[in-house]
Every structure is written in structure tokens, then in C-alpha cells.
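Note sheet for the following structure.
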Amino acid sequence: MAAPEFVELVSRLAEAMGQRMDAVRRIPEGLLLKTSDGFLFAFLEDPNRTSLQTIQQLFNEVPTAPPRLVVLSPGRLPLALGTEVVRRQGTLVEDRRFHELVRGLGLGSYLGDEPKPAVTGTRARLLPSALELDTIMGRARTWLEWGVPALALRFFRQANELKPEFVPARIGIGRSLLALGLITEADRTFDGVLALDPKELDARLGKAAVLGAGGEVDREVAAYREILDEVPGRIEVRANLIAALIAQGRWPEARAEIETILEATPEDPSMRFLHSVALDRTGESSAAGAERDRARTLGLDAERERALCLHLGLPPPARVAPPPGHRLPPAPVPPAPPVLAPTEAPEGAAEARTPPAKPVRRKGTARTPRRPRKAK
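What follows is the structure, encoded as C-alpha cells:
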């Protein structure tokens, strides 16, 4: 059974995420939380004590398609288990990401962190409700960008409960649902926004993405081009168009749109990476390699590059050498080896003089009382 400290951490996490729980159940590997919207959150304390059979049983508890299973663990699951979760379209939050979730919710003390200083500056001058909304939306956007829509959905819904009329939160809910494969619910969410404002750009983009998720990619591309004719300067519209073109394998068209964005934002590392892939797919492999190196120099980190490769179906990057112009942090100086007194000096060598070691008194032991002096 899970340790009391882990149970306490899970309960704090659920409270901070605004989870509405229908049921809580302990299992030998940890805790299971079922929420009112049909998600199952499985908190596994020690992934090395979790079996493949356990993971398969968790999927049997959420038979919906796609499954609404979220597996969370402070450690890293064995490769076979993590692969099984991803293969069956579950959400996996393990190891470093789990620690980021805990720290992001201000629960770092459960990981042994020191208390954070009080907020100062512009954010400190916001009203408490505005500061809370800003913090929640920041968490939601971060998890959506990191490709964990199940967690993003929790925070977007938390923001929506705090301020029901806040359109960005409702748009975020729609995007998270769409990323989870819940197309009908996402479409209904975007319709609700458009009922209040038929010209809301992000909701229109969401409706177009729903078409693509439903297999109507040609209609999706046409919808993006229609919006782009109305607002040609909006980069996010062109970015959605690029994603739809890439999904169809229309790389020459995608390359033209990518180069249009790069004219406005030439130092965008993610767009530079996409440009390198487009160059490779259109027959310019040598230029593609140089463009990928440029993306890394501009700040494309390994985590983001790996996520992009996974999204595009490319092999993970092999980054042995740093990109040009990148400085590695100085290597730590190894500690000097301890100097031990030789037990026997070599023949002809001077005898080592080592001061006699003081006897170590263990904690809790009393000193030996001195003998009383004899009276003269």
C-alpha cells in the first residue's frame, strides 16, 4: 500500500487541481482517483513495483475510446509499461514532469524544496482573483504546449469555474478536448463560444481543427485559407494551416507557408526546425541539416526537438555535439581524493608522521568520569 506521505501528496495535488472526485480507491501500487468527467487518475508510488498487467487493468476501467486514463508517478516507468500507456493513447506524467507538476502547484515542500519567497513586482499588484486566474491559465497553457492535454484540461476548467465568461479558458478547454480525441465535446465547446461571438478567431480555428480531426482535411485547409484572407497578418492562422498541410503530406505548400512566417519571425527556433524538415522533404537535404543546426543555435532545446520529431513521426534526434555557437557549462571540478596514511612506508622512504586520531565519542554516550585526586 502507498505510504502516508504519498497519500497526503496525492490529496494535495487533487485539491490544487480542482479535481471533482467521484471515487477514490487504494491499490497495492498507489491510488486511483475517478473524476466526475470520466477520467481515471492513477498515482503510482513506485513504478518499479508496477506490472504490465496492472497497466492493462487500468485501461479496462476506462473502456471509452479514446481512453481517459492519466498515469502519474514520481519515478520513471519501465520502458515496456510507458510504451503500453502511450500506445493505447493514455496520458503519462512521470519522473521530471511529475516533479514539475508538484512544484508548479506550490507543493515543492513534499519533494524537500525550500519555501519560495513572496511574489513581488507587477504580479504582486494584481487583485488576488486576477493573480489566481493568471497563474492557473499559465499552468494550463504550459501543459498544453508540453503535449499533456489531460492536465491542461484540468486547469482550463479550473480557470473557467473561477471566471465563467473568460473566453480564453473556454477556448483552452476546446483545444484540450480536441487533443485528447474527444471531438464531439470539443466541437460543442467551440459552438458555445461562437454563439456569443460569431467572429471569435480562436473558436473559428477550433472549428476548422475539428473538421481535420474528423477526417475532412480538405475542408479544414479551406477554412484556414478563408480565415487567412480575412486576417492575413495573423501568424497563428498560418501555423494551423501549416499543420493541416503537413498532416496531408503536402510539403511544398507547407514549405511556402513556413517561409512566409519566417519572413516575419526569422529567429523562431521551432519554425526553423519545421523549415529544415520541409527542405528535406522537398529534396534539399544539405540545406536541411544547416537549418536544423541554426534552429538549435537559436534555442531549440532537446526536449522541444524530441517533441516535434514525435509529432511529425520522425526518429528522435541524436545530439552528440553541441550546435555551433553554443557554450557548454563548465565541467564540475572533481573532489580531491582523500589522503590516507600508509600502513607501511616503502623501503627507503621517510616515515610518515600522522598525528594520533582523537577517539570518536558517539552521540548519546557519556564521558568517562575522571578519577578523584588523592588528598595530600
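In this text, residue positions in the sequence shown follow my numbering: the first is 1168, and each later residue adds one. Cβ atoms here follow ideal geometry from the backbone N, Cα and C, with glycine treated the same way. Computed from a predicted structure; not experimentally measured.
Pull up the CB-CB distance for residue i and residue j, whole angstroms please, since I reckon it's below 8 Å.
i     : j     : result
L1198 : A1169 : 6 Å
L1239 : F1208 : 7 Å
I1340 : L1372 : Not confirmed; about 14 Å, so no contact.
L1311 : R1342 : 7 Å
E1387 : A1375 : 5 Å
G1381 : I1350 : 6 Å
P1233 : Q1256 : 5 Å
A1353 : L1363 : Incorrect: roughly 17 Å between the Cβ atoms, too far for contact.
A1455 : L1446 : 4 Å
D1280 : R1270 : 7 Å
R1473 : P1482 : 10 Å between Cβ atoms; not a contact.
Taking C-alpha atoms, which residue in the options lies nearest to residue i?
i     : options                       : result
A1411 : A1390, T1427, L1225 and Q1256 : A1390
W1418 : E1451, D1435, D1396 and N1227 : E1451
V1384 : R1422, T1351, I1409 and W1313 : I1409
V1398 : G1382, Q1415, D1369 and E1182 : D1369
M1438 : G1400, N1407, G1305 and G1416 : N1407
G1430 : K1330, G1400 and G1456        : A small fix is needed here, since residue 1430 is Glu in this sequence, not Gly. Comparing Cα-Cα distances from E1430 to each of K1330, G1400 and G1456, the minimum goes to G1400.
G1359 : L1347, L1378 and F1333        : F1333
P1316 : L1176, T1302 and I1338        : I1338
I1303 : F1323, A1181 and F1265        : F1323
G1314 : Y1277, L1225 and L1259        : L1259
L1300 : K1201, E1251, R1235 and G1185 : G1185
T1309 : R1392, G1416, E1403 and R1471 : R1471
Q1224 : I1194, L1246 and R1422        : I1194
R1448 : G1416, E1426 and I1402        : G1416
G1237 : G1480, V1252 and P1214        : The residue asked about is misnamed: residue 1237 is Val in this sequence, not Gly. Cα-wise, what sits closest to V1237 is V1252.
M1188 : S1203, E1196 and D1280        : S1203
P1365 : I1394, L1378 and A1297        : I1394
L1298 : R1422, L1278 and L1329        : L1329
R1235 : R1355, T1432, S1296 and G1348 : G1348
I1428 : I1402, S1453 and V1444        : I1402
A1307 : S1276, Y1277, L1268 and S1453 : L1268
Would you identify the three-state DSSP class for residue i, choosing helix, strand or coil?
i     : result
M1188 : strand
L1176 : helix
G1400 : coil
P1171 : helix
L1507 : Since pLDDT at L1507 reaches only 41, below the 50 mark, its modelled position is unreliable, and no value is offered.
R1355 : helix
G1480 : coil
R1308 : helix
R1193 : strand
L1246 : helix
L1198 : strand
K1374 : helix
D1369 : helix
R1255 : coil
A1390 : helix
T1302 : helix
A1512 : Low local confidence applies: a pLDDT of 43 at A1512 is under 50, so the model's placement there is unreliable, and no value is given.
E1267 : helix
A1181 : helix
E1212 : coil
T1427 : helix
L1349 : coil
A1406 : helix
L1272 : coil
A1488 : Because A1488 sits at a pLDDT of 49, beneath the cut-off of 50, its placement in the model cannot be relied upon, and the point is left open.
L1467 : coil
Which first and last residues belong to the alpha helix (DSSP H) in which residue i is found?
i     : result
S1437 : P1436 to R1448
G1205 : No alpha helix (DSSP H) holds G1205; DSSP gives it neither H nor E.
E1383 : Taken as a continuous stretch (DSSP letters only), E1383 belongs to no alpha helix (DSSP H), as it is neither H nor E.
L1278 : Neither: L1278 is in no alpha helix (DSSP H) and is coded neither H nor E.
P1316 : P1316 to L1329
T1221 : L1219 to N1227
R1417 : That residue, R1417, is in no alpha helix (DSSP H); it is neither H nor E in DSSP.
L1344 : V1334 to A1346
T1464 : S1452 to T1464
Over the uninterrupted beta strand (DSSP E) stretch that includes residue i, give me the two end residues.
i     : result
T1549 : The chain is shown from 1168 up to 1543; residue 1549 falls before or after that span and cannot be answered.
L1569 : Given that the chain is displayed from residue 1168 to residue 1543, the structure contains no residue 1569 and the question cannot be resolved.
If you measure between the beta carbons of residue i and residue j, is that distance less than 7 Å?
i     : j     : result
R1405 : E1424 : yes
F1173 : E1212 : yes
L1274 : R1216 : no
H1442 : E1458 : yes
A1336 : A1326 : yes
F1210 : V1177 : yes
F1440 : A1462 : yes
L1477 : P1436 : no
L1248 : I1222 : yes
A1181 : L1272 : no
I'd like to know if residue i contacts chain C, where contact means its C-beta is closer than 7 Å to some C-beta of that chain.
i     : result
L1211 : Annotation note: the requested chain C is absent from the structure, which comprises a single protein chain.
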